[in-house]
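*Asks:*
Residue numbers (our numbering): 6 to 545.
#1: By Cβ distance, which residues of its chain are closer than 6 Å to residue 355, with the 5 residues on each side in sequence left out?
#2: Suppose contacts are defined by Cβ-Cβ distances below 8 Å. Is residue 332 in contact with residue 305 by that definition?
#3: Among 385, 400, 290, 216, which residue has its Cα nearest to the Cα of residue 345?
#4: For residue 334, which three-state DSSP category applies?
#5: According to the neighbour-count rule (16 or more other Cβ atoms, all chains shown, within 10 Å of its Cβ), is residue 148 buried or exposed?
#6: Please tell me whether, using a cut-off of 7 Å, the distance from the CB of residue 15 to the nearest non-hydrogen atom of the ligand NAP is below it.
#7: Determine, using beta carbons only, whether residue 324 and residue 343 come nearer to each other than 8 Å.
#8: Starting from residue 71, trace the alpha helix (DSSP H) in both directions and tell me its first and last residue.
#9: In chain order, what residues of the same chain have a beta carbon less than 7 Å from the beta carbon of residue 260, not counting five sequence neighbours either side?
#10: Residue 150: which of 175, 101, 540, 185 sits nearest, CA to CA?
#11: For residue 373, I'd like the list of residues in its chain whose CB is within less than 7 Å of its CB, leaving aside the five on either flank, ordered along the chain.
#12: For residue 406, tell me which candidate among 187, 193, 35, 244 has the shortest Cα-Cα distance.
#13: Would you kindly report the start and end of the unbroken alpha helix (DSSP H) that includes residue 25?
#14: How is residue 355 classed by DSSP in three states: helix, strand or coil?
#15: Out of 79, 116, 77, point me to the one whose CA is closest to residue 88's CA.
#16: Can you tell me the Cα-Cα spacing of residue 172 and residue 83, whole angstroms?
#17: So does the region 8 to 27 actually touch the region 62 to 71, counting three or more Cβ pairs closer than 8 Å?
#18: For residue 313 and residue 360, I'd like the C-alpha separation in whole angstroms.
#19: Please classify residue 527: is it buried, with 16 or more other beta-carbons within 10 angstroms of its beta-carbon, or exposed?
#20: In three-state DSSP terms, what is residue 180?
#21: For residue 80 versus residue 11, is the C-beta spacing smaller than 8 Å?
#22: Please work out which residues of its chain come closer than 7 Å, Cβ to Cβ, to residue 127, disregarding the five sequence neighbours upstream and downstream, and give them in chain order.
#23: Please work out which residues of its chain come closer than 8 Å, Cβ to Cβ, to residue 125, disregarding the five sequence neighbours upstream and downstream, and give them in chain order.
#24: Taking residue 352 as the reference, give the member of 60, 36, 106, 200 with the closest Cα.
#25: If you run the structure through DSSP and keep just helix, strand and coil, what is residue 11?
#26: From what residue to what residue does the alpha helix (DSSP H) around residue 389 run?
#27: Assuming the contact rule is C-beta atoms closer than 8 Å, residue 426 and residue 415 should be a hit. Round their C-beta distance to whole Å, please.
#28: Suppose you measure from the CA of residue 440 to the CA of residue 492; what does that come to, to the nearest Å?
#29: Who pairs with residue 325 in a beta bridge, going by DSSP?
#30: Which one of 162, 70, 77 has the shortest CA to CA distance from residue 91?
#31: Taking only three categories from DSSP, how would you classify residue 361?
#32: How would you label residue 114, buried or exposed, when you count the other beta carbons within 10 angstroms and need 16 or more for buried?
See the structure below:
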């Protein structure tokens, strides 16, 4: 990790966390840690606050510059600097020569909250007037901080998460734009980028993958305030012309009217076949934007930037696009592969707990149908995943995407093998439809559907009662429902009769043969089949 620089130097405003993060980073990297302010205090026998009070800021800045010059021969250390060290141009030049500079960025609200627990900050005035002064000071320093080699946004991150993100960025190597995975589909192959805090690399990756024409950023009213402005700024800096289309949020808007809205924007802006879309949001945004890309001018390129766990591990990979019809989910659509998938797990930090749990259902599915060892790993890492620990999240998302990429690479358009990805979905889609879209999250309905599928597998002797119990226990550990709503059987059958996997009254159903293996069978008498399962469920 040290091959491209001599030291790691942490920059940032007061209370950005430079000392705390620096100590943890040095421990993780097995190197020395130097706190420049602490070194000055030891040398002077006084605190920074005392130096400011007796000698003034200018005298302190002289001491700071001298201390920095004395570190010129240091190699292989993590160095935490003072917030104002970048004020002097000579200091900035020294810092650049000493190693890799990293700006720990945080919003003023976050910084003030952190300052409230510290009395050691000489420039921190907590009055209204002090707030305005801090804001002005931050605005003056921000351009200098942004000259850093790497910028890490720390809002909402623990020090441990911040360190994990720094390490991930450094281990990628300077200028590295290599994907984690590739969906192998010949000329339609595309990369999947996975990491923590990689959203700001999106523009560079788009350019490197040939997205050089005009772009439309398609997002929704929930995601845009969180990440839209950041992505727009990132694209503008890369010289990419971008038009933003903000859609209303919700499954109920996954319809032809919303797609027409996108068409209207594209036509009004003069988009052509050389243009492209970027879908920033969850599965609904990705499906709608993908379908618009598949059909506008008979097909233009698009990129998936999923921001929910469900979309990161499922809908963003594989090229399924579409919209709903009153009689069923995703009945109108097309297979249209994205040009790339860009997954930043840091976006999950703003995801509601219920949405996170819904995404875990799809991750559990991969273990049930494909990888028993992965299922066991999930059982062992429930606590780490529910705490949203970065390393566990990245590992779970990477393995889920790897499994889906392998399946899609072998069967792009669901002619055979890809049907296994519908495990839990046949009954799950019926639950969603009957309850009204939005009553159940997609992942919640799939969790219920997986329970039904596992019971069906047990009744046919394909798996053991313990397999079913392990599934139920894991789903409940991720706060997912497992019992179907009490609708009459005929209502479920009516909805499943419109399912895409139903042909002439015969339903293709995915079973699990123990945990980690699958089976696909045609169900010629769905009424008898599901009656037995639901009777078994209701008698438990």
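Beta carbons are placed, not taken as given, at the ideal position from N, Cα and C, and that holds for glycine. Given the structure is predicted, the values throughout are model-derived calculations rather than measurements.
*Replies:* Based on what the coordinates show:
#1: Translated into positions along the chain shown, residue 355 becomes position 350. For residue 355, the CB contacts under 6 Å within the same chain, skipping 5 residues up- and downstream, are 231 in chain order.
#2: Your numbering for residue 332 matches position 327 in the chain shown. Your numbering for residue 305 matches position 300 in the chain shown. No, the pair does not count as a contact, with Cβ atoms beyond the cut-off.
#3: Counted from its first residue, the chain shown places residue 345 at position 340. With respect to the C-alpha of residue 345, the residue from 385, 400, 290, 216 having the closest C-alpha is 216.
#4: Translated into the one-based positions of the chain shown, residue 334 becomes position 329. Residue 334 falls in the strand class under three-state DSSP.
#5: On the chain shown, residue 148 is found 143 positions in, with the first residue counted as 1. So residue 148 ends up on the exposed side.
#6: No copy of the ligand NAP occurs in the structure displayed, which carries no ligand at all.
#7: Residue 324 sits at position 319 when you count from the first residue of the chain shown. Residue 343 sits at position 338 when you count from the first residue of the chain shown. Yes.
#8: Against the chain shown, residue 71 aligns to sequence position 66. 62 to 75 is the extent of the alpha helix (DSSP H) around residue 71.
#9: For the purposes of this step, residue 260 is taken as the residue at position 255 of the chain shown. Apart from the 5 residues on each side of it in sequence, residue 260 sits with its Cβ closer than 7 Å to the Cβ of 328, 329 in its chain, given in chain order.
#10: Locating residue 150 in the chain shown gives position 145, counting from the first residue. Answer by Cα proximity: 101.
#11: As a working note, residue 373 is residue 368 in the chain shown. Excluding sequence neighbours, residue 373 sits near 380, 428, 455, 476, 517, 520.
#12: Counting from 1 along the chain shown, the entry for residue 406 is found at position 401. Answer by Cα proximity: 187.
#13: Position 20 of the chain shown, counted from the start, is the residue given in the question as residue 25. According to the DSSP assignment, residue 25 belongs to the alpha helix (DSSP H) that extends over 23 to 34.
#14: For the purposes of this step, residue 355 is taken as residue 350 along the chain shown, with counting starting at 1. Residue state, collapsed to three classes: helix.
#15: Taking the first residue of the chain shown as position 1, residue 88 is located at position 83. Measuring C-alpha to C-alpha distances from residue 88 to each of 79, 116, 77 identifies 116 as the nearest.
#16: Locating residue 172 in the chain shown gives position 167, where the first residue counts as 1. Locating residue 83 in the chain shown gives position 78, where the first residue counts as 1. Residue 172 and residue 83 have their C-alpha atoms some 12 Å from each other.
#17: No, the region 8 to 27 is not in contact with the region 62 to 71.
#18: Within the chain shown, the letter at position 308 stands for residue 313. Within the chain shown, the letter at position 355 stands for residue 360. Residue 313 and residue 360 have their alpha carbons spaced roughly 7 Å apart.
#19: Position 522 of the chain shown, counting from 1, holds the residue named residue 527. Answer is exposed; the Cβ neighbour count stays below 16.
#20: Taking the chain shown and counting its residues from 1, the one referred to as residue 180 is at position 175. Confidence is the limiting factor: at residue 180 the pLDDT is only 44, short of 50, which leaves the residue's position unreliable and the question unanswerable from this model.
#21: In the chain shown, the residue the question calls residue 80 occupies position 75. In the chain shown, the residue the question calls residue 11 occupies position 6. Contact check for residue 80 against residue 11 passes: the beta carbons are separated by less than 8 Å.
#22: For the purposes of this step, residue 127 is taken as the residue at position 122 of the chain shown. Summary for residue 127: the model assigns pLDDT 48, below 50, so the residue's position carries little reliability, and this model does not support an answer.
#23: As a first step, residue 125 must be located in the chain shown, where it is residue number 120. Its pLDDT being 48, under 50, residue 125 is placed unreliably by the model, and the measurement read from it follows with that caveat. Excluding sequence neighbours, residue 125 sits near 52, 53, 54.
#24: As a first step, residue 352 must be located in the chain shown, where it is residue number 347. Of the listed residues, the one whose Cα sits closest to residue 352 is 200.
#25: Residue numbering aside, residue 11 sits at position 6 when the chain shown is read from its first letter. Coil, per DSSP.
#26: Against the chain shown, residue 389 aligns to sequence position 384. Counting along the chain, the alpha helix (DSSP H) containing residue 389 begins and ends at 387 to 391.
#27: Counting from one through the chain shown, the residue named residue 426 turns up at place 421. Counting from one through the chain shown, the residue named residue 415 turns up at place 410. About 12 Å separates the two Cβ atoms, so there is no contact after all.
#28: Looking up residue 440 in the chain shown gives position 435. Looking up residue 492 in the chain shown gives position 487. Cα to Cα, residue 440 sits roughly 9 Å from residue 492.
#29: One-based indexing of the chain shown puts residue 325 at position 320. 340.
#30: Counting from 1 along the chain shown, the entry for residue 91 is found at position 86. That would be 70, whose Cα lies nearest to the Cα of residue 91.
#31: In the chain shown, residue 361 corresponds to position 356, counting from 1. Reduced to three states, the DSSP call for residue 361 is helix.
#32: Counting from one through the chain shown, the residue named residue 114 turns up at place 109. So residue 114 ends up on the exposed side.
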